[in-house]
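Everything in the sequence shown is counted per numbering that gives the first Met the number 0, starting at 0 for the first residue and increasing by one.
Where a beta carbon is used, it is the ideal one built from N, C-alpha and C, also for glycine.
Take a look at the structure set out below.
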Amino acid sequence: MGALRLSPSLEEMAPDNREIRIDDMFKQSEKIRSKAATGVRWHQGVVLLTMLLLVQVVAACSLYTTRPIQPVAASGGGGQSDQFDQNFDPNSYADKNWSSKVVPTIVDKSVDIGTVLKALEQDSNAAQKQYAVQSSDGLYNFMVKGTGKVIATNTSSRNGTLSIELPASEGLKKQPTILVQVGPVMLGTAIRDSVGFINYNQFTNQVQYAQVADALNAHAAADLKSLDAAKLQGKTITFYGAFTYATLEQIMIAPVKVVPEGAGA
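What follows is the structure, encoded as structure tokens:
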């Protein structure tokens, strides 16, 4: 009688156990892959949601400072009625304000250039506070008048100039180079920035503000067309104009009026 076997041998069980273990490992691997895929999808969803939120935030933010566009009311010029005009014409603005406001302001309110230069020699900060108008870019602009001798002319450049020597009676420690522009091209923004009633906030943007300076300079040059600059050397002239202060070494004046000696006012 053979021995009674109550359970299978290890050898008999091994194949099935190996199949079970392999199957379990496969199922576990599938679970891991499934979780990983879920994690990736979740991460991708978070990234997409974040990007959408960022797009909305950027869209909600204004990248530019805007001003409302309002029609221009008929006016004598230069004030709030000229604000925010999308059809702004700098030449019309200059035409409207040149003879009625700009020239009279500079002629009537200009200070003797000798007085201004002596004040700058002594204390430039005090001189700027007393005599100058500060523009939006922080520079100081002076309205001046003076009489001096033309010691040199430059008419070969389109930015023609007269070099002026002031009388010794002005009492300057050192006379700077004084240039009076005569065109046909005038440079700078001194005329616009010195009068005190033209400022950046009256215009829609920086372009219009710059165009006004150019249009006023063009008016000044046009008024000097009849001036034969080449024949003024050695003669005395009286001038009314403005300059932007940078250094006492050279003063560049944009005139609104130049009167040769003997020509009358």
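Span separating the alpha-carbon of T246 from that of A220
Taking the sequence shown and counting its residues from 1, one reaches residue 246 at position 247. Taking the sequence shown and counting its residues from 1, one reaches residue 220 at position 221. When rounded, the distance between both Cα atoms is 24 Å.
Can you give me the start and stop residues for the beta strand (DSSP E) that Q174 sits inside?
Taking the first residue of the sequence shown as position 1, residue 174 is located at position 175. Per DSSP, Q174 belongs to no beta strand (DSSP E) and is neither H nor E.
At which residue ranges does the region 119-158 contain complete alpha helix (DSSP H) runs of 4 or more residues, listed in the order of the chain?
Complete alpha helix (DSSP H) runs here, min 4: 123-130.
Please report the residue range of the alpha helix (DSSP H) in which Y199 lies.
The count along the sequence shown starts at 1 and reaches residue 199 at position 200. Y199 -> no alpha helix (DSSP H), and no H or E assigned at all.
Helix, strand or coil: which one does DSSP assign to G113?
In the sequence shown, the residue the question calls residue 113 occupies position 114. In the structure shown, G113 sits in a helix (DSSP, three-state: H, G or I).
Do G147 and P166 count as a contact pair if the criterion is CB distance below 9 Å?
As a working mapping, residue 166 is identified with position 167 in the sequence shown. As a working mapping, residue 147 is identified with position 148 in the sequence shown. Contact check for P166 against G147 passes: the beta carbons are separated by less than 9 Å.
Between the Cα of Q180 and the Cα atoms of M142, F238, G261, which residue gives the shortest distance?
Position 181 of the sequence shown, counted from the first residue, corresponds to residue 180. In terms of Cα proximity to Q180, the closest of M142, F238, G261 is F238.
Specify the secondary structure class of Q85 as computed by DSSP and reduced to three states.
To locate residue 85, count along the sequence shown from 1; it is residue 86. DSSP places Q85 in coil when its eight states are reduced to three.
Go to P103, then tell me how far its beta strand (DSSP E) extends in each direction, as first and last residue.
Walking along the sequence shown from the start, residue 103 turns up at place 104. No beta strand (DSSP E) contains P103, which is instead part of the alpha helix (DSSP H) from 102-108.
Limits of the alpha helix (DSSP H) - the one that V255 falls within:
Here residue 255 is taken as the residue at index 256 of the sequence shown, counted from 1. No alpha helix (DSSP H) contains V255, which is instead part of the beta strand (DSSP E) from 249-259.
Enumerate in chain order the residues of its own chain whose CB-to-CB distance from P259 is below 7 Å, with the five nearest sequence positions on each side excluded.
Position 260 of the sequence shown, counted from the first residue, corresponds to residue 259. Same-chain partners within the cutoff: L231, K234, I236.
Let me check understanding here. Comparing Cα to Cα, which of N153, Y139, Q205, A126 lies closest to V194?
As a first step, residue 194 is located in the sequence shown; it is residue number 195 there, counting from the start. Comparing Cα positions, the closest option is Y139.
CA-CA distance, S162 and L116?
Translated into the one-based positions of the sequence shown, residue 162 becomes position 163. Translated into the one-based positions of the sequence shown, residue 116 becomes position 117. Taking the straight line from one Cα to the other gives about 16 Å.
Does the Cβ of A126 have 16 or more other Cβ atoms within 10 Å, making it buried, or fewer, making it exposed?
One-based indexing of the sequence shown puts residue 126 at position 127. Around the beta carbon of A126, 16 or more other beta carbons lie within 10 angstroms, which makes this residue buried.
Bridge partners of I190, per DSSP?
Here residue 190 is taken as the residue at index 191 of the sequence shown, counted from 1. According to DSSP, I190 bridges with nothing at all.
Is A217 helix, strand or coil by DSSP?
To locate residue 217, count along the sequence shown from 1; it is residue 218. Looking at A217 - three-state DSSP - the assignment turns out to be helix.
Along the beta strand (DSSP E) that carries G170, what are the first and last residues, could you check?
Within the sequence shown, the letter at position 171 stands for residue 170. Here G170 belongs to no beta strand (DSSP E), and DSSP marks it neither H nor E.
Residue span of the beta strand (DSSP E) that contains T237, given as start and end:
Counting from 1 along the sequence shown, the entry for residue 237 is found at position 238. Unbroken beta strand (DSSP E) run through T237: 235-244.
Alpha carbon of A93 to alpha carbon of E120, nearest angstrom
Start at 1 with the first residue of the sequence shown, and residue 93 comes out as number 94. Start at 1 with the first residue of the sequence shown, and residue 120 comes out as number 121. For A93 and E120, the distance between alpha carbons rounds to 34 Å.
At the level of alpha carbons, what is the spacing between D88 and N198?
Taking the first residue of the sequence shown as position 1, residue 88 is located at position 89. Taking the first residue of the sequence shown as position 1, residue 198 is located at position 199. Cα to Cα, D88 sits roughly 16 Å from N198.
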